[in-house]
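Written below as structure tokens is the structure these notes are about.
Numbering (my numbering), first residue to last: 96 to 336.
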């Protein structure tokens, strides 16, 4: 099965709504696909987190709202309870939104880690192998609806290996590949509009550094030491295109 079909069926698969043959096919794909496996784990985590949400309105806030409603509707004793419930609901929704952002940040980090695992398989790392940015940058022309900046950082110890087409959060992205000694750095680049603004700092042994520059969003992913990955990010950001 292709990833697109698996992701369409993943919710029904997790809920046990697929027939035996289709369920087995989805399970087999998820077991062998790092990206879909990470998505399945993230969805399971999100479901558990939503079920675990429990919130009670602070007594002072509940009392304040109840006091206001009593002054407006003194003959309706049920309203303080309704006000308290409404306050608890709104505050609970705020907590769920916060936790939802945290879960999405972790899910994106898991996706990027899955991308990196897949890229490190033989023959998957680069589509255009070249240390020359004047070769790599034009290669993306016509393959993406944006032109990613490609910078030469070889003098600082981060030589360019090439580039490939990839995806972040379901959107096409350019992936520039750099190295630091024996470590591989994938720098994912795509337009920032509509993309997640936060991502966890790492997942599954890989570290992530994220930033935005103008209309573009960047995610540097590697098993490199976090301090060196941060240095790479700073060098890339400060180097003129």
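All C-beta atoms, glycine included, are put in the ideal place defined by N, C-alpha and C.
Using three-state DSSP, classify residue i as helix, strand or coil.
i: residue 99; result: helix
i: residue 288; result: coil
i: residue 212; result: helix
i: residue 217; result: coil
i: residue 176; result: Legend: pLDDT at residue 176 = 49, less than 50; position of this residue unreliable, value from coordinates given subsequently. Three-state result, residue 176: helix.
i: residue 245; result: coil
i: residue 125; result: helix
Given this structure, state the Cα-to-Cα distance separating residue i from residue j, to the nearest angstrom.
i: residue 335; j: residue 246; result: 8 Å
i: residue 319; j: residue 267; result: 25 Å
i: residue 228; j: residue 255; result: 8 Å
i: residue 113; j: residue 101; result: 12 Å
i: residue 122; j: residue 134; result: 13 Å
i: residue 275; j: residue 117; result: 43 Å
i: residue 315; j: residue 212; result: 14 Å
i: residue 205; j: residue 137; result: 8 Å
i: residue 326; j: residue 107; result: 43 Å
i: residue 111; j: residue 120; result: 13 Å
i: residue 264; j: residue 296; result: 16 Å
i: residue 219; j: residue 155; result: 58 Å
i: residue 294; j: residue 199; result: 8 Å
i: residue 209; j: residue 158; result: 49 Å
Taking Cβ to Cβ, would you say residue i is nearer than 8 Å to residue j?
i: residue 214; j: residue 281; result: yes
i: residue 223; j: residue 257; result: yes
i: residue 298; j: residue 201; result: yes
i: residue 235; j: residue 242; result: yes
Considering only the alpha carbon of each residue, which of the options lies closest to residue i?
i: residue 132; options: 109, 317, 115; result: 109
i: residue 261; options: 333, 238, 249; result: 238
i: residue 207; options: 249, 235, 303, 309; result: 303
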